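Note sheet for the following structure.
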Amino acid sequence: MSIPENLSYTKEHEWLNLADGVATVGITAFAGESLGDIVFVQLPAVGDTITAGEECGEIESTKSVSELFAPVSGEVVEINEAVTDSPETVNSDPYDAGWLFKVKVDTVPELLDAQAYSALISEEG
1 MSIPENLSYT KEHEWLNLAD GVATVGITAF AGESLGDIVF VQLPAVGDTI
51 TAGEECGEIE STKSVSELFA PVSGEVVEIN EAVTDSPETV NSDPYDAGWL
101 FKVKVDTVPE LLDAQAYSAL ISEEG
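Just so you know, we're using UniProt numbering here: the sequence shown kicks off at 1 and counts up by one.
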């Protein structure tokens, strides 16, 4: 499984691409595989203020419902409507078309680089 080097990761299996104070957020391929076939995605609304570590949505798969936790604090500035219409995109293309939402970042907690994230999932796998 590929882990893009240009992204940052959380221990909750989310990825972030931080550019110009805005973080694009998604779940990793590992998370998508662990969940199984994703059938529903509930995202925060544009304008919502989210807080790092707190629940901000849900991802439902054929196996279970999982909470989506905010990896950073800030204001949601965009959501990916395509994944609400076609949630399977999160499984098929997690690092590109399957992104979930964008946040104008207030604070960024400590994140993992690709190497640290790879070590984390090898321990969990």
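We put the CB at the ideal spot given by N, CA and C, even for glycine. Please read all numbers here as calculations on a predicted model, not as lab measurements.
Going by other Cβ atoms of all chains shown within 10 Å of its Cβ, with 16 needed for buried, is T28 buried or exposed? buried
Skipping 5 residues on each side, what residues in its chain have a beta carbon closer than 7 Å to that of F40? E60, P87
Could you give the residue range of the alpha helix (DSSP H) that holds N91? 89-92
If you measure between the beta carbons of Q22 and E14, is that distance less than 7 Å? Before going further, note that residue 22 is Val rather than Gln in the sequence given. Taking 7 Å as the Cβ cut-off, V22 and E14 do not qualify as a contacting pair.
At the level of alpha carbons, what is the spacing between K53 and L112? The displayed chain sequence assigns Gly, not Lys, to residue 53. Looking at the two C-alpha atoms, the distance is approximately 15 Å.
Alpha carbon to alpha carbon, what distance is there between V46 and E75? 8 Å
According to DSSP, is L35 helix, strand or coil? helix
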